[in-house]
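Chemist: One structure follows; several queries about it will come next.
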Amino acid sequence: MRNITKIFGHLKANDAVDFKLRENSIHGLLGENGAGKTTLMNVLYGLYRQEEGEIYIHGQKTDIVSPLKAISSGIGMVHQHFMLARPLTVVENIMLGRKSSRGIFLDTRKVAAEIRELSDRYHLMVDPYARIWQLSVGQQQRVEILTTIYQGANILILDEPTAVLTPQEAETLFSILRQMRDDGKSMILITHKLEEILSVVDDVTILRDGKMISSFKVTPATTKEELSRLMVGRDVLFDFNPAAVKPGKERLGMKDLRVKNDKGLPAVNNFSLSVSEGEIVGLAGVDGNGQKELAEALTGLRPAEGGKIFINGIEAENKPPAFFIHQGVAHIPEDRQNMGLAMGFCVSKNLIIKRFCQQPYAKNGLMNYKNIKNHAQKMIQDFQIKTNSTEDITRDLSGGNQQKVILARELADEPSVLIANQPTRGLDVGATEYVRSRLLEARSKGAAILLISADIEEIIQLSDRIAVIYNGELMGILPKGSQPETIGLLMMGKRQGENTGVKENQ
Amino acid sequence: MDNIFTATFFVSIFASTIRLATPILLTALGEIYTQRSGILNLGLEGTMTMSAMAGFVCAYFSKNLFIGFLGGIIVGMICSAFMAFLSITVRANQVIAGTALTILGIGFSSFIYRIIFGIQKLPPQVESLTKFDIPLLSSIPYIGTIFFQHNLIVYLAYILAVFSWIVLEKTTFGLNVKAVGEHPRAADSKGINVSKVRYTAVIIGGAFAGLSGAFMSIAYMNSFSDTMIAGRGFIAVAVVVFARWNPLRAMVGSLLFGIASALQIRFQAIGVPIPNQFLLMLPYLVTIIALITVSKKAEFPSAYTKPYSRMER
Chain A
1 MRNITKIFGH
11 LKANDAVDFK
21 LRENSIHGLL
31 GENGAGKTTL
41 MNVLYGLYRQ
51 EEGEIYIHGQ
61 KTDIVSPLKA
71 ISSGIGMVHQ
81 HFMLARPLTV
91 VENIMLGRKS
101 SRGIFLDTRK
111 VAAEIRELSD
121 RYHLMVDPYA
131 RIWQLSVGQQ
141 QRVEILTTIY
151 QGANILILDE
161 PTAVLTPQEA
171 ETLFSILRQM
181 RDDGKSMILI
191 THKLEEILSV
201 VDDVTILRDG
211 KMISSFKVTP
221 ATTKEELSRL
231 MVGRDVLFDF
241 NPAAVKPGKE
251 RLGMKDLRVK
261 NDKGLPAVNN
271 FSLSVSEGEI
281 VGLAGVDGNG
291 QKELAEALTG
301 LRPAEGGKIF
311 INGIEAENKP
321 PAFFIHQGVA
331 HIPEDRQNMG
341 LAMGFCVSKN
351 LIIKRFCQQP
361 YAKNGLMNYK
371 NIKNHAQKMI
381 QDFQIKTNST
391 EDITRDLSGG
401 NQQKVILARE
411 LADEPSVLIA
421 NQPTRGLDVG
431 ATEYVRSRLL
441 EARSKGAAIL
451 LISADIEEII
461 QLSDRIAVIY
471 NGELMGILPK
481 GSQPETIGLL
491 MMGKRQGENT
501 GVKENQ
Chain B
1 MDNIFTATFF
11 VSIFASTIRL
21 ATPILLTALG
31 EIYTQRSGIL
41 NLGLEGTMTM
51 SAMAGFVCAY
61 FSKNLFIGFL
71 GGIIVGMICS
81 AFMAFLSITV
91 RANQVIAGTA
101 LTILGIGFSS
111 FIYRIIFGIQ
121 KLPPQVESLT
131 KFDIPLLSSI
141 PYIGTIFFQH
151 NLIVYLAYIL
161 AVFSWIVLEK
171 TTFGLNVKAV
181 GEHPRAADSK
191 GINVSKVRYT
201 AVIIGGAFAG
211 LSGAFMSIAY
221 MNSFSDTMIA
231 GRGFIAVAVV
241 VFARWNPLRA
251 MVGSLLFGIA
261 SALQIRFQAI
271 GVPIPNQFLL
281 MLPYLVTIIA
291 LITVSKKAEF
301 PSAYTKPYSR
311 MER
């Protein structure tokens, strides 16, 4: 790709970017959120048209006008948000948009057989007749890979493929990628995780603010610090090494807690855990293992079917959300855009949305906009929220700044308990660093923090103790400094103690 | 009162159940295509009224029922193309667009009808579609009377239910429709033209509703009135949800409505001591209750009522 420029409105998402992929290689495309990685790849895949620049495939100038053209040029894309229709089967998803050998009728059986063969060749272990909703995230991703190979792709674009995987699943993915490379395919790995660049990638290209900063071969001498400096443009703090704090008395307790999910099925089973003053307990687990339901029960948003919740020693299960707020329970929800913020409201309103009917923001049912604005100005300064004014609509802020609005609201009045569910998901390195340092700061002020995260690195960096949830059950509690592999095994449902034999054999 | 529950009674109840279910089934089948593609067409009531009028007018002047049905289908397709334009191209709110289309359809059809026929003492009539006894099968006692002594459209409706199931489950077109309703972005990335598939699905829905409307005015009855659809368009939408977008289950849902209607008519005829207003409610009540109990399990297509644009995330 030569000299690619793509403009959205006033924003130059890609500014004269050059990108070169060698045959038989895995190429890392590194950059922060908004650096233009995904835009560049969407241009290559024909989802966007570039304003300037040319694309050459195997030396041949190619005009990629649509995804269809990309596919026929041998380019396949595994999107970050899977392009799979959930109620349909694997084979139905793969057949989609493809000419059938039986004319207007589907040739399900033939395609299924071919898929099975391909799946065996690359050890993907995909059942063609399984329905997508029955598959784990890792399996769904392999379906996506399978789809692109089936379409005949020899250049694969993977958009943040490990964001949703356990370390073991990620390792499986990488070995599949290596095998595919040895089989003559080339891959582009979009990522902002530096470890991945160092462990699997042959070449790396770094983007910042839509510009190509650097492109080079990854050698054993390449370091994380070097990559991050190129990516962020300054030095980044990696190890927080929080000083050990002696935890105080229990602030948040759960005893045999049971919670159901939206479908009325058990999501959390007999869950017992305790978080004390000045302590961060990390709750590791693959998405969808009951974390959301647990967090909602702990903030009064979802009824508990059984068991007990203690907030500051008071029995709190099935109390209304207002009770939790009064007890100083803060909540950073997983889905910040739908649950954490009223996206159509301005920043100042989102900042007081928990206490809008209390003094000093309101009196006798009338809002005091002067105080609200002053409060917002203070928060914007304290939490370094990038916005033009207090009255900017929250939707127009970047993801990182939206999360800062939530942080400001939840942390401003020094909560006694904080439930942080995936607080850095989707944030770039800089914003992630900021959020993490704020969590540690809240801890040192005495908050009891339950940090729910699918990101093991994050759990390890911040937690004083590490709990692991699988299928709604507590798999075990590990001490600070546990190995990612140990945590990963529990995340996959191996109970603490069961795995020792396995580890020794390795 | 003792001897009303005889075999003859049941046979006639079941036979009229099948007949009364027909317009609901036809409309519901079409709406299954539409909704599977992610569009909710609430304008069916108006579409059916327009088609009932068009079917009647065409049949009246051509003296040919086939032309009547054709006219009804074409008008149904035109009405739904309008709905498709509003919901797909203009990306209007589908509930509002559909409701507007219903009101428009009912009003406009009676306007046209009045222009053509003026006010007459007796409503103009056509010779309605006669029943067609299927040879041999229709002479089976009871069974023959229930299933095989209807007009051709009735048979056609049930054949179309099976046909639609095959289309949705076994053809590439069916797969495209489902994919567009579930995950339009995925379909787009596989090179499927989302708008085109949706337009097609909505217009197919209009063709079915058109046939159903014409059935009402020239096969079930022999004249037109602007109230003759009487909520059947909305009932059909309910049946679609009840059937969880499966054409074969839509057959069950329509028959449920059919049997409630048949009972209601028969109860009135034999003078059951319940005010007839309550009896008239029966089919609608049954539909609501069925919908509430069964549709909890319903998983709506993921992109239901959501317009698609490639540029939006």
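First to last, the protein sequences are chains A and B.
Take 1 as the starting number for the first sequence in UniProt numbering and just add one per residue.
Take 1 as the starting number for the second sequence in UniProt numbering and just add one per residue.
By construction, the Cβ of each residue, glycine as well, lies at the ideal position given by its N, Cα and C atoms.
#1: Chain A partners of B:A302, CB-CB under 9 Å?
#2: Taking Cβ positions only, does B:V294 come closer than 8 Å to chain A?
#3: So, does the CB of A:E51 fall closer than 8 Å to a CB anywhere in chain B?
#4: Just by C-beta distance, which residues in the segment 335-367 of chain A are closer than 9 Å to chain B?
#5: Residues in the same chain with beta-carbon distance under 7 Å from A:F323, minus the five sequence neighbours each way, listed in chain order, please.
#6: Apply the 10 Å Cβ neighbour rule to A:Y129 and answer buried if 16 or more other Cβ atoms are within range, or exposed otherwise.
#7: Taking C-alpha atoms, which residue in A:L478, A:D455, A:L29, A:S25 lies nearest to A:I206?
#8: So, helix, strand or coil for A:T38, using DSSP?
#9: Could you tell me the boundaries of the alpha helix (DSSP H) in which A:N269 lies?
#10: Check whether the Cβ atoms of A:L341 and A:I406 sit closer than 8 Å, and answer yes or no.
#11: State the CB to CB distance for the pair A:K260 and A:E305, rounded to an integer number of angstroms; the pair is presumed to be in contact (CB under 8 Å).
#12: Taking the straight line between their C-alpha atoms, what separation do you get for A:I64 and A:D107?
#13: Are B:A21 and B:S254 close, meaning C-beta to C-beta below 8 Å?
#14: For A:Q50, count neighbouring C-beta atoms within 10 Å of its own C-beta (all shown protein chains included) and say buried if the count is 16 or more, exposed if not.
#15: Can you check which of these residues, A:Q403, A:A13, A:N24, A:L230, is closest to A:G184 by C-alpha distance?
#16: Name the chain B residues whose beta carbon is nearer than 7 Å to that of A:P67?
#17: Starting from B:R185, find everything on chain A with Cβ-Cβ shorter than 9 Å and list it in chain order.
#18: Distance check for B:I259 and B:M1, CA to CA, integer angstroms please.
#19: For a contact defined as C-beta to C-beta under 7 Å, what are the partners of A:F105 on chain B?
#20: Helix, strand or coil for A:M254, going by three-state DSSP, please let me know.
#21: So, does the segment 71-87 of chain B touch the segment 191-203 of chain B, judging by three or more C-beta pairs under 8 Å?
#22: Comparing alpha-carbon positions, which option in A:E250, A:D203, A:A447 lies nearest A:P220?
#23: Determine whether the beta carbon atoms of B:L291 and B:A238 lie at a separation below 8 Å.
#24: Using only alpha-carbon positions, find the residue among B:T130, B:V167, B:A250 that is nearest to B:Q149.
#25: Within the same chain, show all residues whose beta-carbon is closer than 7 Å to that of A:K319, passing over the 5 residues directly before and after it, in chain order.
#26: Along chain A, in chain order, which residues have C-beta atoms closer than 9 Å to that of B:A179?
#27: Determine the burial state of A:K263: buried for a count of at least 16 other Cβ atoms within 10 Å of its Cβ, exposed for fewer.
#28: Can A:N289 and A:R251 be called in contact, C-beta distance under 8 Å?
#29: Starting from the Cα of A:S175, find the closest Cα among A:T390, A:R109, A:H123 and give me that residue.
#30: Which partner residues does A:Y56 have in the DSSP bridge list?
#31: At a CB-CB cut-off below 8 Å, which residues of chain B make contact with A:S101?
#32: I'd like the ranges of any beta strand (DSSP E) spanning at least 3 consecutive residues and lying wholly in the segment 139-175 of chain A.
#33: By a C-beta neighbour count over all protein chains shown, 10 Å radius and 16 as the cutoff for buried, is A:I487 buried or exposed?
#34: Tell me the rounded alpha-carbon separation between B:N246 and B:G38.
#35: I need the DSSP call for A:L490, collapsed to helix, strand or coil.
#36: Kindly identify the DSSP beta-bridge partner or partners of A:I477.
Modeler: Reading it off the structure:
#1: To locate residue 302 of chain B, count along the second sequence from 1; it is residue 302. Ala is not the amino acid found at residue 302 of chain B; the sequence shown has Ser there. Contacts between B:S302 and chain A, judged by CB atoms closer than 9 Å, involve A85, R86, P87 in chain order.
#2: The residue you call residue 294 of chain B lines up with position 294 of the second sequence. No, its Cβ sits nowhere closer than 8 Å to a Cβ of chain A.
#3: Position 51 of the first sequence, counting from 1, holds the residue named residue 51 of chain A. Output row for A:E51: interface = no.
#4: Those residues of the segment 335-367 of chain A that come within reach of chain B (Cβ to Cβ, closer than 9 Å) do not exist; the list is empty.
#5: Here residue 323 of chain A refers to the residue found at position 323 of the first sequence. Excluding positions up to five away in sequence, the list reads G300, A316.
#6: By one-based count along the first sequence, residue 129 of chain A stands at place 129. Exposed is the call here.
#7: Residue numbering aside, residue 206 of chain A sits at position 206 when the first sequence is read from its first letter. Of all alpha-carbon atoms in A:L478, A:D455, A:L29, A:S25, the one lying nearest the alpha-carbon of A:I206 is that of A:L29.
#8: Within the first sequence, the letter at position 38 stands for residue 38 of chain A. In the displayed model, A:T38 falls within a helix according to three-state DSSP.
#9: In the first sequence, residue 269 of chain A corresponds to position 269, counting from 1. Going by DSSP, A:N269 is part of no alpha helix (DSSP H) but of the beta strand (DSSP E) stretching over 266-276.
#10: To locate residue 341 of chain A, count along the first sequence from 1; it is residue 341. To locate residue 406 of chain A, count along the first sequence from 1; it is residue 406. Yes, the Cβ-Cβ distance between A:L341 and A:I406 is below 8 Å.
#11: For this step, residue 260 of chain A is matched to residue 260 along the first sequence. For this step, residue 305 of chain A is matched to residue 305 along the first sequence. Rounded, the Cβ-Cβ distance is 6 Å, consistent with contact.
#12: On the first sequence, position 64 is the one that residue 64 of chain A refers to. On the first sequence, position 107 is the one that residue 107 of chain A refers to. The straight-line gap from Cα to Cα measures roughly 29 Å.
#13: Looking up residue 21 of chain B in the second sequence gives position 21. Looking up residue 254 of chain B in the second sequence gives position 254. For B:A21 and B:S254, yes; Cβs fall inside 8 Å.
#14: Taking the first sequence and counting its residues from 1, the one referred to as residue 50 of chain A is at position 50. Flag for A:Q50 reads buried.
#15: Position 184 of the first sequence, counted from the start, is the residue given in the question as residue 184 of chain A. The shortest C-alpha to C-alpha distance from A:G184 to any of A:Q403, A:A13, A:N24, A:L230 is the one to A:N24.
#16: As a first step, residue 67 of chain A is located in the first sequence; it is residue number 67 there, counting from the start. Neighbours of A:P67 in chain B, taken as residues whose beta carbon is under 7 Å from its own, are S189, G191 in chain order.
#17: Here residue 185 of chain B refers to the residue found at position 185 of the second sequence. Chain-order list of chain A residues neighbouring B:R185: H79, H81, M83, by C-beta distance under 9 Å.
#18: Position 1 of the second sequence holds residue 1 of chain B. Position 259 of the second sequence holds residue 259 of chain B. Unreliable positioning characterises B:M1 in this predicted model, as indicated by a pLDDT of 49, which lies under 50. A coordinate reading is not provided.
#19: By one-based count along the first sequence, residue 105 of chain A stands at place 105. Neighbourhood of A:F105 in chain B, by CB distance below 7 Å: K170, T171, in chain order.
#20: Counted from its first residue, the first sequence places residue 254 of chain A at position 254. Strand at A:M254.
#21: Three or more pairs of CB atoms, one per stretch, sit closer than 8 Å, so the segment 71-87 of chain B contacts the segment 191-203 of chain B.
#22: Position 220 of the first sequence, counting from 1, holds the residue named residue 220 of chain A. Nearest option by C-alpha distance: A:D203.
#23: Here residue 291 of chain B refers to the residue found at position 291 of the second sequence. Here residue 238 of chain B refers to the residue found at position 238 of the second sequence. In contact: B:L291 and B:A238 (Cβ atoms closer than 8 Å).
#24: Stepping through the second sequence from its first residue, residue 149 of chain B is reached at position 149. The shortest C-alpha separation from B:Q149 is found at B:T130.
#25: In the first sequence, the residue the question calls residue 319 of chain A occupies position 319. Taken in chain order, the residues that qualify are G300.
#26: Numbered from 1 along the second sequence, position 179 holds the residue referred to as residue 179 of chain B. The contact set of B:A179 on chain A, defined by CB atoms closer than 9 Å, consists of A85, L88, E92, N93, L96, G97 in chain order.
#27: Within the first sequence, numbered from 1, the residue matching residue 263 of chain A stands at position 263. The residue is exposed, with fewer than 16 neighbouring Cβ atoms inside 10 Å.
#28: Position 289 of the first sequence holds residue 289 of chain A. Position 251 of the first sequence holds residue 251 of chain A. Going by C-beta atoms, A:N289 is not nearer than 8 Å to A:R251.
#29: Numbered from 1 along the first sequence, position 175 holds the residue referred to as residue 175 of chain A. Closest option to A:S175, Cα to Cα, is A:H123.
#30: As a position in the first sequence, residue 56 of chain A is number 56, starting the count at 1. When beta bridges are read from the DSSP output, A:Y56 appears opposite A:K61.
#31: Residue mapping note: residue 101 of chain A aligns to position 101 of the first sequence, counting from 1. None at all; the shortest Cβ gap to chain B is about 11 Å.
#32: DSSP runs (the beta strand (DSSP E)) wholly in the segment 139-175 of chain A: 155-159.
#33: Counted from its first residue, the first sequence places residue 487 of chain A at position 487. Counting Cβ neighbours within 10 Å, A:I487 comes out buried, since at least 16 surround it.
#34: Within the second sequence, numbered from 1, the residue matching residue 246 of chain B stands at position 246. Within the second sequence, numbered from 1, the residue matching residue 38 of chain B stands at position 38. Taking the straight line from one Cα to the other gives about 15 Å.
#35: On the first sequence, position 490 is the one that residue 490 of chain A refers to. If DSSP states are grouped into helix, strand and coil, A:L490 belongs with the helices.
#36: For this step, residue 477 of chain A is matched to residue 477 along the first sequence. A:A467.
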